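These notes are about the structure you will find just below.
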């Protein structure tokens with residue numbers, strides 16, 4: 109498994125925000141049960157989901173935590189030529205109050221409409237602990253990935269501070285990122301996540317992950333990358349990154 113292949117697999121997990129969760133059926137033993145779930149990545153880079161206690165997939169996970177999450181490249185004309193990722197995982201319900209609060213704060217940035225579900229219905233946060241992944245980047249580009257996730261070094265106060273600063277003081281820069289990436293200009297985009305490799309914008313209820321020109325290992329590097337993008341006329345690649 110090449111480093112490049114693992115990076116592409118991780119980027120697909122970042123770019124998408126919904127997938128097919130397959131569990132072992134409790135009602136029909138021996139059969140897989142697939143259902144669609146939205147997700148975001150937690151501080152450790154693992155998929156974080158919010159699911160109802162009465163849902164069939166929740167009952168299945170309570171009996172057998174082994175599951176998979178299938179994520180495919182959105183908008184593909186040929187699904188067999190597009191990227192897709194099957195993440196084999198063990199699901200764990202988050203129950204410790206402090207961990208629940210952290211999960212909720214992160215998840216609601218990505219899916220603010222989910223606040224009412226969690227407050228008024230019996231929904232719980234679960235994290236998918238990766239075991240192994242199968243990544244297909246197109247015809248012939250097929251890999252097993254043993255080390256898929258990458259912890260987000262900025263998760264917590266550092267990330268929240270950067271997001272608040274960008275959304276309150278640099279709306280014009282965010283609008284420029286939207287234009288550079290060819291994304292819809294309406295409704296107004298909001299920056300909802302920053303990691304070492306890029307950032308998430310939410311436009312309405314749609315999430316988009318955009319890469320930095322080069323990996324950023326500290327908030328200063330993030331600032332430099334965002335300034336570079338704000339001045340760019342085309343989206344720079346890693347080869348265009350400034351020292």
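Residue numbers (this note's numbering): 109 to 351.
Every residue gets a Cβ at the ideal spot worked out from N, C-alpha and C, and that includes glycine.
Please read all numbers here as calculations on a predicted model, not as lab measurements.
Nearest C-alpha to residue 130 among 143, 120, 123 and 124: 143. In this structure, the CA atom of residue 306 is about 7 angstroms from the CA atom of residue 317. Per DSSP, residue 284 lies in no beta strand (DSSP E) segment; the continuous alpha helix (DSSP H) that holds it begins and ends at 279 to 289. Sorting 297, 167, 279 and 217 by C-alpha distance to the C-alpha of residue 335 places 279 at the top. When rounded, the separation of the alpha-carbon atoms in residue 329 and residue 216 is 26 angstroms. Leaving aside the five residues that flank residue 223 on each side, the residues in its chain whose CB is nearer than 7 angstroms to its CB run, in chain order, 216.
Within the model, the alpha-carbon separation for residue 246 versus residue 255 is close to 20 angstroms. Contact between residue 251 and residue 113 holds, since their C-beta atoms are separated by about 5 angstroms, short of 8 angstroms. Residue 312: not part of any beta strand (DSSP E); DSSP gives it neither H nor E. Residue range 205 to 218 is occupied by the alpha helix (DSSP H) that includes residue 215.
Judged by their CB atoms, residue 200 and residue 163 are not nearer to each other than the 9 angstroms cut-off.
Residue 237: member of the beta strand (DSSP E) spanning 231 to 244, first to last residue.
The beta carbon of residue 198 lies closer than 7 angstroms to those of 173, 174, 237 and 239 in the same chain, with the five residues before and after it left out. In the displayed model, residue 223 falls within a helix according to three-state DSSP. The DSSP-derived three-state label of residue 149 is strand. When the beta-carbon positions are compared, residue 311 and residue 295 come within less than 9 angstroms of each other.
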